[in-house]
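Counting in our numbering, the sequence shown runs from 4 upward without gaps.
Just so you know, even glycine gets a beta-carbon here, dropped at the ideal spot from N, CA and C.
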Amino acid sequence: MSNAANTSPGAALAHDSALKHTTGEAVYIDDIPLPADTLHLAVGGADTAVGTITAVALDAVRAAPGVIDVFCAADIPGENDVSPSGRGDEPLL
4 MSNAANTSPG AALAHDSALK HTTGEAVYID DIPLPADTLH LAVGGADTAV GTITAVALDA
64 VRAAPGVIDV FCAADIPGEN DVSPSGRGDE PLL
């Protein structure tokens with residue numbers, strides 16, 4: 004979609020994908036099939052707001068159907084900070 008004739012400041016400009024969105028041709032992330040070997044991650048948190056974790060029993064989690072592996076903070080090298088601090092992308096694994 005060309006906007007060459009519509010270049011004055013403050014003029015409405017069509018988004019690059021506007022035509023695909025309005026005609027139903029746009030491909031959305033949920034439309035793309037996942038690879039067959041895709042794994043999903045679930046994060047578990049403490050059920051108490053304040054306290055000290057002294058032990059974590061994960062045998063039942065590891066034995067649950069479909070679970071491939073379980074990671075704890077000690078299993079992840081580097082800084083374990085996945086807080087919403089606005090520092091940009093933070094790789095988890």
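Ranked by Cα distance from G69, the options E28, H18 and T41 are led by T41.
With respect to the 8 Å criterion, K23 and A17 are not classified as neighbours on the basis of their beta carbons. Rounded to the nearest whole angstrom, the CA to CA distance from A21 to D62 is 50 Å. Per the coordinates, the alpha-carbon of Y31 lies some 25 Å from the alpha-carbon of V46.
In this chain, T55 is not harboured by any alpha helix (DSSP H), its DSSP state being neither H nor E. Distances from the CA of D50 to each of V59, H43 and L44 were compared; the closest alpha carbon is that of V59. Under the DSSP assignment, T26 falls in the alpha helix (DSSP H) whose first and last residues are A21 to T26.
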